[in-house]
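Notes for the one structure printed next.
Numbering (my numbering), first residue to last: 5 to 45.
If you want it as C-alpha cells, here you go:
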C-alpha cells in the first residue's frame, strides 16, 4: 500500500513538473486510474 502511494506521488511530481503535455496527461490518467483501483476495487 505504501509503495503504491510513493509511486503515485512520483507520478504526480512528474506530471506537475513536466513540460510535455502528453507526458503530463498520461501521468495524470495513470494516477486517476490507480486511485480508482485502490478505492473502488
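Backbone N, C-alpha and C define an ideal beta-carbon position, used for all residues, glycine too. Because the structure is a prediction, the values reported are computed rather than measured.
> What are the start and end residues of the alpha helix (DSSP H) that includes residue 21?
Replying inline: 6-21
> So, helix, strand or coil for residue 43, using DSSP?
Replying inline: helix
> Nearest-angstrom Cα distance between residue 14 and residue 8?
Replying inline: 10 Å
> With C-beta atoms as the reference, is residue 31 less than 9 Å away from residue 43?
Replying inline: no
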